[in-house]
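Right, one structure below, let's go through it.
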Amino acid sequence: MPRRNVSSERSRSATNRRDFIRTIGLATAGSALVGCQTTVARRISANEKLNIAVIGVAGRGGENLREVAALENIVALCDVDSTRLAAAAQRFPAAKTYPDYRRLIDQRDIDAILVATPDHTHAVATAAALRSGRHVYCEKPLTHTVSEARIITELARKTKLVTQIGTQIHAGNNYRRVVELVQS
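Heads up: the sequence shown is residues 1 to 184, going by our numbering.
Quick look at the structure:
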């Protein structure tokens with residue numbers, strides 16, 4: 001049996017991994033720099049607060065809601081659980097409430113949508129938000145299948161909207177430095 005060149009295979013594998021990480025890092029950095037031209041959302045200056053809608057206001061969505069509310073305007077809330085939606089509405093009385101995200105999408109003053117629904121609905125809600133011209137922050141996992149991921153990727157590319165997947169802690173400064181190191 002011929003001997004395999006393990007070091008060559010490792011080198012090739014490491015290069016592929018490095019290229020993959022570099023590509024992902026560049027794509028992430030590039031998407032963050034894309035302009036805010038959307039078909040529905042308003043144009044805002046750097047000094048204005050964004051108008052944020054949150055789909056899924058309990059659990060991780062509730063945590064995200066508290067964090068985002070400290071920085072931006074919460075203009076719409078959505079949850080199928082009427083009790084949790086009512087509790088969130090008490091904290092944000094100016095926000096419109098919806099039991100169905102498809103009705104929320106019709107609200108015209110939304111700049112970005114935060115998706116924190118049960119995992120199996122992330123791709124559907126994210127696709128609807130992108131199709132409506134809104135930037136999206138979606139909790140992980142974004143999708144359950146490769147085909148769903150390809151659809152979301154293509155929608156984000158076509159619409160030139162910022163789309164981010166939330167992985168706790170991974171958007172912090174230490175991880176950004178790692179991306180910079182990989183890119184250099």
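Even glycine gets a Cβ: it sits at the ideal position worked out from N, Cα and C.
Asked, Found
"Inter-stretch contact at 8 Å, needing at least 3 Cβ pairs: the stretch 82 to 97 / the stretch 122 to 139", "no"
"Own chain residues within Cβ distance below 8 Å of valine 68, not counting five before or after", "Ile52, Val54, Ile74, Leu114"
"Where histidine 135 falls, given that 16 or more other Cβ within 10 Å makes a residue buried", "buried"
"The alpha helix (DSSP H) enclosing glutamine 164, as first and last residue numbers", "Not the alpha helix (DSSP H): glutamine 164 falls in the beta strand (DSSP E), residues 163 to 166."
"Enclosing beta strand (DSSP E) for threonine 97 [first to last residue]", "96 to 98"
"Beta-carbon proximity of glycine 133 to threonine 117, cut-off 9 Å", "no"
"Test item: CB-CB of isoleucine 110 and leucine 142 under 9 Å", "no"
"CB of glycine 56 within 9 Å of CB of glutamate 148, strictly", "no"
"Cβ neighbour criterion (16 or more within 10 Å) applied to tyrosine 137", "buried"
"Whole-angstrom distance between threonine 163 and glutamate 48, CA atom to CA atom", "20 Å"
"Glycine 61, buried or exposed, once every other Cβ within 10 Å from all chains shown has been counted against 16", "buried"
"Secondary structure of glutamate 139, DSSP reduced to three states", "strand"
"Start-end ranges of the alpha helix (DSSP H) lying completely within the stretch 53 to 86, minimum 4 residues", "60 to 69"
"Selected residue, minimal CA-CA separation from alanine 70, among Phe92, Arg177, Cys78, Ala58", "Phe92"
"As assigned by DSSP and simplified to three states, the class of leucine 114", "strand"
"Continuous alpha helix (DSSP H) stretch holding glutamate 48: start and end", "From DSSP, glutamate 48 is part of no alpha helix (DSSP H); its letter is neither H nor E."
"Supposed close pair alanine 76, glutamine 107 - CB separation, criterion 8 Å", "5 Å"
"Assumed close pair alanine 112, leucine 50 - CB separation to whole angstroms, cut-off 8 Å", "6 Å"
"For serine 132, three-class secondary structure by DSSP", "coil"
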